[in-house]
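**Q** Input: one structure, supplied below.
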Amino acid sequence: MIQTIRNAWRVPELKKKMLFTIMALLIFRLGSAIPVPYIDGSALEQYLQSQSGTILGLMNAMSGSAFSMATVFALSIQPYINSSIIIQLLTVAIPALERLARDGGEEGRKKIASITRYTTVAIALLQGFGYYTLVNSYGLVNGGGLNKFWVGLVIVISFTAGSAFLMWLGEQITEFGIGNGISIILFAGIVSRFPQMVMDVISGFQRWMTVQSTSVESLVAENEGMTEEVAKSYIDALKQGALAPWTIALIVIGMLALVVFIVYINNAERRIPVQYAKRVVGRKMYGGQSTHIPMKVSMAGVMPIIFAQSIASLPATVCAFMGVTAESEGVGGGMMRLFDTSKPFYSILYFLLIVGFSYFYSTMAFNPVEVANNLKKNGGFIPGRRPGKPTADFLIKVLNKITMFGALYLSVIAIAPIITGNLVGYSSLAIGGTSVIIVVGVALETVKQMEAQMLMRHYKGFLE
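Everything in the sequence shown is counted per our numbering, starting at 354 for the first residue and increasing by one.
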């Protein structure tokens, strides 16, 4: 990967694209530090630190801590991702949108992109209002003597404008930079939190050291007037965030193994042999060569993870924006407890959504009927399969098997950190596992795009 980036840097056109992408990400990180007016960011950050293993903690991780600091990019690209989900599902369900996407050509794609943008703004307005409701319910809005309507309007418009700007910035990266802009922004937001995650692990180890060197008797002896019950409560509070050395080693080894496994599966593919019949045109003979159709195991990439995470967290996110916590009574509190990222129900729902979106994206990325028709037109055939419908049926069968394996692979590596986090008592591990999947997947896809662009320019040496 490092060698590929170095080789791409030597190509002037790719160097410009890489510099453009870096500048765009710097703008993204700068906007993530600009606070929205009238919100007490420090108090909000302290509150969200206690919600590290919940839906709010997940949203904070996806935004690169901008959510907890109440900055203009607090909503990150979540509205655009949700909008893309809605429009793609409606494209399958509504015939008019399906015709527009299939037969509209470039003009049709532009119209669908425009509809997605407008939907993004509408969702950002709703989420911005929900964010304002959240901070207002906890008394974190410092409007002073100003009109509450004006304060709320400024906050909501600021969040919406920030989300719309990120959508535009992502499109600019896609067009003038390297990789998919939306994925790159999500990647940058997650990576920016890695230093904080390292500090959390160090803090957990320090708490473990304190627990090992502290006893109830020593606390009672050192602090006059402290009872044994208070000393026990203090030690129990220290144990909550403590991380033993073997726990840290397990987390590090697990993450490294996860990265290796993701890279291995991401490069795996099923190669279906194809033979082209010989044909004579004039005095020349064409065809007769053998090739293959590569079908990737992880055909959908990281998109099922991103979309499944957005859908699975939606009910609890709505409740959280309404100021409901896991300790609240009634339906809202029950929803927050049910959709906690470390609880079994969320894990099962997350698993099923990843499988569903994997099939959805695989069928969109690979059309067996179209591939079979193209093979038939060009005189190609799969050995042992007749051209036409038998070939299409065979490709559908292979696609279903590969997609099932890819979906199970994504689901298992998404759920495994949640289970491990519950076993070792470290709730943030679930979010960390999802982050690793997205980061590794986006990095691999971006490097492959670099290699493809260098290959198009006949650059020799990038495979050396």
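All residues carry an ideal CB built from backbone N, CA and C; glycine is no exception.
Classify Ile646 as helix, strand or coil using the three-state DSSP reduction.
**A** Sequence index remark: in the sequence shown, residue 646 carries index 293 (1-based). Three-state DSSP puts Ile646 in a strand.
**Q** Which value, in whole angstroms, describes the spacing of the CA atoms of Ser490 and Asp746?
**A** In the sequence shown, the residue the question calls residue 490 occupies position 137. In the sequence shown, the residue the question calls residue 746 occupies position 393. Going by the C-alpha atoms only, they are around 57 angstroms apart.
**Q** What residue range does the beta strand (DSSP E) around Glu622 cover?
**A** For the purposes of this step, residue 622 is identified with residue 269 of the sequence shown, where counting begins at 1. Residues 622-629.
**Q** Counting only the same chain and skipping the five closest in sequence on each side, list residues whose C-beta sits under 6 angstroms from that of Val793.
**A** The residue you call residue 793 lines up with position 440 of the sequence shown. Same-chain partners within the cutoff: Val612, Ile615.
**Q** Skipping 5 residues on each side, what residues in its chain have a beta carbon closer than 7 angstroms to that of Thr472?
**A** The residue you call residue 472 lines up with position 119 of the sequence shown. So the list reads Ser436, Ile439, Ile440, once near-sequence residues are dropped.
**Q** Between Ser711 and Pro657, how many whole angstroms is the CB-CB distance? I'm expecting something under 8 angstroms.
**A** Here residue 711 is taken as the residue at index 358 of the sequence shown, counted from 1. Here residue 657 is taken as the residue at index 304 of the sequence shown, counted from 1. At roughly 5 angstroms, the Cβ-Cβ gap stays under 8 angstroms, so Ser711 and Pro657 are in contact.
**Q** From this set, Thr444, Tyr484, Thr486, Ser651, which residue's C-alpha is nearest Thr469's C-alpha?
**A** Working through the sequence shown from its first residue, we reach residue 469 at position 116. Nearest option by C-alpha distance: Thr444.
**Q** What ranges does the alpha helix (DSSP H) occupy inside the segment 544-611, keeping only unbroken runs of at least 4 residues that lie completely in it?
**A** Taking only runs of at least 4 residues, the alpha helix (DSSP H) segments lying wholly in the segment 544-611 are 547-565, 569-575, 581-593.
**Q** Sorted by chain position, which residues of the same chain lie with C-beta nearer than 7 angstroms to Gly741's C-beta, five sequence neighbours on each side aside?
**A** As a working mapping, residue 741 is identified with position 388 in the sequence shown. Hits under 7 angstroms: Ala725, Lys729.
**Q** If you count every other CB in all the chains shown that lies within 10 Å of the CB of Val509, and 16 or more means buried, which is it?
**A** Taking the sequence shown and counting its residues from 1, the one referred to as residue 509 is at position 156. With 16 or more other Cβ atoms within 10 Å, it is buried.
**Q** Using a Cβ distance threshold of 8 angstroms, determine whether the segment 749-767 contacts the segment 642-662, with at least three qualifying pairs required.
**A** yes
**Q** Start and end of the alpha helix (DSSP H) containing Val507?
**A** Here residue 507 refers to the residue found at position 154 of the sequence shown. 501-529 is the extent of the alpha helix (DSSP H) around Val507.
**Q** Based on Cα-Cα distance, which residue from Val544, Gly532, Ser416 lies nearest to Leu519?
**A** Here residue 519 refers to the residue found at position 166 when the sequence shown is read from its first residue. Looking at the Cα atoms, Ser416 is the closest of the given residues.
**Q** Curious, which full-length alpha helix (DSSP H) runs of at least 4 residues does the segment 716-794 contain?
**A** 721-730, 742-777
**Q** What is the DSSP secondary structure of Thr472, reduced to helix, strand or coil?
**A** Sequence index remark: in the sequence shown, residue 472 carries index 119 (1-based). Note: Thr472 maps to helix in three-state DSSP.
**Q** Around the C-beta of Asp589, are 16 or more other C-beta atoms found within 10 angstroms, so that it is buried, or is it exposed?
**A** Along the sequence shown, read from residue 1 onward, the residue named residue 589 stands at position 236. That one is exposed.
**Q** Under three-state DSSP, which class holds Ile387?
**A** The count along the sequence shown starts at 1 and reaches residue 387 at position 34. It is coil, neither helix nor strand.
**Q** Suppose you measure from the CA of Val389 to the CA of Met422; what does that come to, to the nearest Å?
**A** Reading the sequence shown from its first residue, position 36 is the one you call residue 389. Reading the sequence shown from its first residue, position 69 is the one you call residue 422. Spanning the two alpha carbons is a distance of roughly 9 angstroms.
**Q** Select from Phe698, Glu680, Leu752 the residue whose C-alpha is nearest the C-alpha of Phe713.
**A** As a first step, residue 713 must be located in the sequence shown, where it is residue number 360. With distances taken between Cα atoms, Phe713 lies closest to Leu752.
**Q** What separation, rounded to the nearest whole angstrom, lies between the Cα atoms of Asn620 and Phe719?
**A** In the sequence shown, residue 620 corresponds to position 267, counting from 1. In the sequence shown, residue 719 corresponds to position 366, counting from 1. C-alpha separation (whole angstroms): 17 angstroms.
**Q** Verify whether the separation of the beta carbon atoms of Val627 and Gly733 is less than 7 angstroms.
**A** As a working mapping, residue 627 is identified with position 274 in the sequence shown. As a working mapping, residue 733 is identified with position 380 in the sequence shown. With contacts defined by Cβ atoms closer than 7 angstroms, Val627 and Gly733 form a contacting pair.
**Q** For Phe529, does the count of other Cβ atoms within 10 angstroms reach 16, so buried, or fall short, so exposed?
**A** One-based indexing of the sequence shown puts residue 529 at position 176. The residue in question, Phe529, is exposed, as its Cβ has fewer than 16 Cβ neighbours within 10 Å.
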